[in-house]
Amino acid sequence: MGSDKFVTRHIGPRDEDIQSMLEAIGVGSLEELMEQAVPANIRLPKPLQLADGLTERKYYRRIHDLAKMNKVYNTYIGMGYYDTITPAVILRNVLENPVWYTSYTPYQAEISQGRLEALLNFQTMVCELTGMELANASLLDEATAAAEAMVLMFNSRTRPKAKAGANVVLVDEHIWPQTLDVLQTRANPLNIELRIGSAADFVFEEQVIGAIVQYPNSNGEILSYADLAEKAHAVDAKLAVAADLLSLALLTPPGEWGADVVFGSSQRFGIPMGYGGPHAAFFATRNDYKRTMPGRIIGVSKDAQGNLALRMALQTREQHIKRERATSNICTAQALLATMAGFYGVYHGPEGIKGIASRVHQIAVLLDKEVTALGYRQLNENYFDTIRFALPKHVKREDIEWLSLELEMNFRYFENGNVGLSIDETTNLEDINWIIEVFAKAANKKSYPTITAYPEEPAIDERFGRTSSFMKQEVFNKYRSETEMLRYIKKLEHRDISLTHSMIPLGSCTMKLNAATEMLPLSWFEFASLHPFIPKNQARGYHEMMEELRRDLAEITGFADMSLQPNSGAAGEYTGLMVIREYHLSRGDDQRNVVLIPASAHGTNPASAVMAGMKVVVVPCDDKGNVDVEALRQKAEEYKDTLSAFMVTYPSTHGVFEASIVEMCEIIHENGGQVYLDGANMNAQVGLTNPGYIGADVCHLNLHKTFAIPHGGGGPGVGPIGVAKHLVEFLPSHPVMNNGHVGITAVSAAPWGSASVLPITYGYIKMLGADGLKKATEVAILNANYIASQVKDTYGILYVGENGRVAHEMILECRHLKADSGVTESDIAKRLMDYGFHAPTLSFPVHGTLMIEPTESESKEELDRFIAALQSIYGEVQAIIKGESDREDNPLKNSPHTAKVVTADQWEHGYSRQQAAFPLPYLLENKYWPPVGRVDDAYGDRNLICTCDPIEAYQE
Numbered sequence: 001m002g003s004d005k006f007v008t009r010h011i012g013p014r015d016e017d018i019q020s021m022l023e024a025i026g027v028g029s030l031e032e033l034m035e036q037a038v039p040a041n042i043r044l045p046k047p048l049q050l051a052d053g054l055t056e057r058k059y060y061r062r063i064h065d066l067a068k069m070n071k072v073y074n075t076y077i078g079m080g081y082y083d084t085i086t087p088a089v090i091l092r093n094v095l096e097n098p099v100w101y102t103s104y105t106p107y108q109a110e111i112s113q114g115r116l117e118a119l120l121n122f123q124t125m126v127c128e129l130t131g132m133e134l135a136n137a138s139l140l141d142e143a144t145a146a147a148e149a150m151v152l153m154f155n156s157r158t159r160p161k162a163k164a165g166a167n168v169v170l171v172d173e174h175i176w177p178q179t180l181d182v183l184q185t186r187a188n189p190l191n192i193e194l195r196i197g198s199a200a201d202f203v204f205e206e207q208v209i210g211a212i213v214q215y216p217n218s219n220g221e222i223l224s225y226a227d228l229a230e231k232a233h234a235v236d237a238k239l240a241v242a243a244d245l246l247s248l249a250l251l252t253p254p255g256e257w258g259a260d261v262v263f264g265s266s267q268r269f270g271i272p273m274g275y276g277g278p279h280a281a282f283f284a285t286r287n288d289y290k291r292t293m294p295g296r297i298i299g300v301s302k303d304a305q306g307n308l309a310l311r312m313a314l315q316t317r318e319q320h321i322k323r324e325r326a327t328s329n330i331c332t333a334q335a336l337l338a339t340m341a342g343f344y345g346v347y348h349g350p351e352g353i354k355g356i357a358s359r360v361h362q363i364a365v366l367l368d369k370e371v372t373a374l375g376y377r378q379l380n381e382n383y384f385d386t387i388r389f390a391l392p393k394h395v396k397r398e399d400i401e402w403l404s405l406e407l408e409m410n411f412r413y414f415e416n417g418n419v420g421l422s423i424d425e426t427t428n429l430e431d432i433n434w435i436i437e438v439f440a441k442a443a444n445k446k447s448y449p450t451i452t453a454y455p456e457e458p459a460i461d462e463r464f465g466r467t468s469s470f471m472k473q474e475v476f477n478k479y480r481s482e483t484e485m486l487r488y489i490k491k492l493e494h495r496d497i498s499l500t501h502s503m504i505p506l507g508s509c510t511m512k513l514n515a516a517t518e519m520l521p522l523s524w525f526e527f528a529s530l531h532p533f534i535p536k537n538q539a540r541g542y543h544e545m546m547e548e549l550r551r552d553l554a555e556i557t558g559f560a561d562m563s564l565q566p567n568s569g570a571a572g573e574y575t576g577l578m579v580i581r582e583y584h585l586s587r588g589d590d591q592r593n594v595v596l597i598p599a600s601a602h603g604t605n606p607a608s609a610v611m612a613g614m615k616v617v618v619v620p621c622d623d624k625g626n627v628d629v630e631a632l633r634q635k636a637e638e639y640k641d642t643l644s645a646f647m648v649t650y651p652s653t654h655g656v657f658e659a660s661i662v663e664m665c666e667i668i669h670e671n672g673g674q675v676y677l678d679g680a681n682m683n684a685q686v687g688l689t690n691p692g693y694i695g696a697d698v699c700h701l702n703l704h705k706t707f708a709i710p711h712g713g714g715g716p717g718v719g720p721i722g723v724a725k726h727l728v729e730f731l732p733s734h735p736v737m738n739n740g741h742v743g744i745t746a747v748s749a750a751p752w753g754s755a756s757v758l759p760i761t762y763g764y765i766k767m768l769g770a771d772g773l774k775k776a777t778e779v780a781i782l783n784a785n786y787i788a789s790q791v792k793d794t795y796g797i798l799y800v801g802e803n804g805r806v807a808h809e810m811i812l813e814c815r816h817l818k819a820d821s822g823v824t825e826s827d828i829a830k831r832l833m834d835y836g837f838h839a840p841t842l843s844f845p846v847h848g849t850l851m852i853e854p855t856e857s858e859s860k861e862e863l864d865r866f867i868a869a870l871q872s873i874y875g876e877v878q879a880i881i882k883g884e885s886d887r888e889d890n891p892l893k894n895s896p897h898t899a900k901v902v903t904a905d906q907w908e909h910g911y912s913r914q915q916a917a918f919p920l921p922y923l924l925e926n927k928y929w930p931p932v933g934r935v936d937d938a939y940g941d942r943n944l945i946c947t948c949d950p951i952e953a954y955q956e
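With the UniProt record's numbering applied, the sequence shown covers 1 to 956.
Written out as structure tokens, the structure is:
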């Protein structure tokens, strides 16, 4: 292949390296290795029917042509999406910076201090604006956050006066339609009854567990809910509030009038609309709910030397621990977007945020006055940014729509004929005059004023106005110049490990190259600035791209169609199960609610099943780590009348291609069930086999794994699902936009999910093409088997296939080391930081082990460097076993070693400073210094602090 081919840039090993790696493994060719690793009965009989791969230059032209097909109008639709200004210093140094977008979820706290602090800033900002005590580090979007609030209220039922089985949630009718649709999707399988009506008429009778309202509501009107909160609390019910975060700079925060949960979207804080996402939802509660709050919480702790350190708090709540007992299936966040929103708060500070909110309100008031003077009637008595007009009898809505489109503007049109305008941060004097012109011409007014200056700033009605201060912490009041902001971002950046430093060998996470050419379109105006509810003819580029992407993904997976709506892997799992559920219901099989799940499955599988209202039955694995086929057969036959689905990850969670997968699918189908294939390990399938060919009915794809969307410190993720022909009619629809499907109600707020990151996957497929995709899979399997061949005689590989090969990942055996030396898998993970590497996946899926996945993007040189680090650590363990190193005072137990520790005046360890910090020669050229020592997890959980206030107190 010529060097202009993208595949030669995406794949790490050169051809000569591949040959030497094959020799080390003991095979003569990639094809021979594939024959040994991948069962013959599932190999595709013909190549993928995809176009040849484009060069990067040709792809750039193609995506540029698609971008030009999108028309960027000034949009005043609102409904949870608003144009905003991303400060260039954040755009350039965070969104477009691979240190931020290639880092992993901060499970390894010691090398994640930068993004942890950025997320702590986000949590603090949310608490300050909402008036709540505790916030998490983001959820997926506003609608799914509403669903999480509903489930939290449902799982927290404590009312002594409530009837047994109390299950009613009151929902105000003036909530975003997409939020209501997602609430209905989530409520139904959990037997939660939604009663939709006016908040003014809510009655908290004995079966009501809580209520959900919007503030300001979907009409744009500000109402007081203080009395509602009081009524709810009088009977031990709860109140959840969907709030506009920007408005809370001017409005009394819900925490001050009694809300139990406050949630919403932080999109207005510098995150482009992106045709629907990704956007970081916020979720804040009272401290009472800290152990039932969904998602991730960043907390303050200390390290081994007593220094302040940050970490993810309360991690035992994660799904891989609780599994079917989890109260939520959410496994990811929108960390990159939350980081950006937090930096937006740092950059603007409280005065800047309040100033932006005030200008938005000022323009809304001005337009209210001027349009009313033209003969229209404005219907919202109190509002923040949204005004709603009833039209005079002689004015047709069609005329306003036509005139506004002529001037490249989009207004909101209510079903009753009203016309709405939602003002945003970008609206200026020129925009104001264009808006006035539309209303004037529609009303046949020959003369109307030209606004040349903003009037005096109006005040929010004192009944609703905020009187409390917010964001007084130093971090929000320090970095005003771009120079200082840049340096702060860089300071945090240097406290993290990302793919810019070294390979991240996480099993089941696929931390591969996120190519620069794939990433470029994300910040293009034509992709970033589109509202998801605009007329489709303004987003033709998006739709052409998404149609091609759906077809390509369907070809790759062997399915009939795809839904792009799920906005995370766990959301994809849930959606797939809900599609299966709806399929059974359509056939009158109401009783089919049992899901068979292998004991080795990722924890989100059983959690998603429970969220979909299903009963989990665990299928054991045999001593080789494979699903016990006879046990599966027995359970399928036992539950044949109630069997809904079988959830299976392939290759297995143990990193092996199980030869019996086709037989397993047949067993399920023979007993009336559907096969859900978890696509977490699709990186070992593409071009070699696929879920449809294997016999599955549904599969979700983690686009942030196999298809190159970056992890961004823990999100964004995208989890589209592919389905067989008989399930296409059940794919999720949307209440606002026709997204091409008419099945279950929505599973996310946006019609096409996180649309703005789809160009990444589109580019990945278009540039690799059929041959490149297959080559990427083959090299992923090669790289894994190469590492396995080098460490199998020291650590040992826990599970291998029938021919002694692993798939694209492997489980490193560490339990025998602990027995002989006292060294744990966690000690090895921490010591790898001293060698400049992120740890593999820790104690999953087998406790006491490390799971490694190198991906196809890592070169042989980098693989050898990682192998050398592992073998050096193995030597350090052997030194302990032989008595040459103390069992307690050794480099592993004391790792990671910070610069402060290594350069201290006193050194009281039985090993040298050089061994601590520079155990291998390559570290002398490129040393990463962990910013903190080993973090005390238990201390952080016992002393839960989740805002940045204590950082400042500690520094004082």
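The beta carbon of each residue, even a glycine, is placed where N, CA and C say it ideally should be.
Return the bridge partner residues of residue i from the DSSP annotation.
i	result
E221	Y383
M810	I852
D864	None, per the DSSP bridge assignment.
Q378	F389
S29	Beta-bridge pairing links S29 to no other residue.
residue 1022	Nothing about residue 1022 can be read from this structure; the chain reaches only from 1 to 956.
Q214	A242
D172	G197
F269	According to DSSP, F269 bridges with nothing at all.
I298	M312
G465	L251
Find the nearest neighbour of residue i within the set the options, judged by alpha-carbon distance.
i	options	result
S218	M664, C665, G613 and Y413	Y413
D172	L54, P45, Y215 and G804	Y215
Y376	E128, Y104, K445 and A309	K445
E206	N167, T102 and K5	N167
G78	R388, F122, R581 and H897	R388
L842	D65, D236, I63 and L506	L506
L701	G672, E573 and G695	E573
L54	P931, Q915 and I765	I765
T86	V932, W524 and N681	W524
Would you give the residue range spanned by the alpha helix (DSSP H) that residue i belongs to?
i	result
S358	A335 to T372
F527	F525 to A528
H233	A226 to A234
S586	G569 to S586
I'd like to know whether the C-beta atoms of residue i and residue j end up nearer to each other than 7 Å.
i	j	result
V686	I556	yes
F527	S156	no
L564	P720	yes
I11	E856	yes
W203	A237	A small fix is needed here, since residue 203 is Val in this sequence, not Trp. No; because the gap between Cβ atoms is not below 7 Å, this pair is not in contact.
Using a threshold of 6 Å, is the CB atom of residue i nearer than that to any non-hydrogen atom of the ligand HEM?
i	result
S138	Among the components modelled here there is no ligand, and therefore nothing to report on the ligand HEM.
Practice prompt. Answer yes if the region 396-410 comes into contact with the region 228-244, meaning at least three C-beta pairs across the two stretches below 8 Å, and no otherwise.
Written response: no
Worksheet item: Are there three or more Cβ pairs, one per stretch, closer than 8 Å when the region 534-544 is compared with the region 883-900?
Response: no
Discussion item. Would you call the region 294-310 in contact with the region 927-947, where contact means no fewer than 3 C-beta pairs closer than 8 Å?
Written reply: yes
Discussion item. Three or more C-beta pairs under 8 Å: does that hold for the region 526-534 against the region 121-136?
Written reply: no
Worksheet item: Are at least three pairs of beta-carbons, each pair with one atom in the region 662-682 and one in the region 601-608, less than 8 Å apart?
Response: Put simply, the region 662-682 touches the region 601-608. At least three CB pairs are less than 8 Å apart.
Discussion item. Closer than 8 Å is the cut-off here; do at least three beta carbon pairs connect the region 650-665 with the region 624-638?
Written reply: As far as the Cβ criterion goes, the region 650-665 touches the region 624-638, which means the pair count is three or higher.
Discussion item. Within 8 Å, do at least three Cβ pairs link the region 782-796 to the region 563-578?
Written reply: no
Fill in: Stretch pair the region 327-336 + the region 348-363: three plus CB contacts closer than 8 Å
no
Worksheet item: Quick one: any contact between the region 867-877 and the region 832-852, if contact means 3 or more CB pairs under 8 Å?
Response: yes
Practice prompt. Report yes or no: do three or more beta-carbon pairs, one from the region 813-823 and one from the region 35-46, lie closer than 8 Å?
Written response: no
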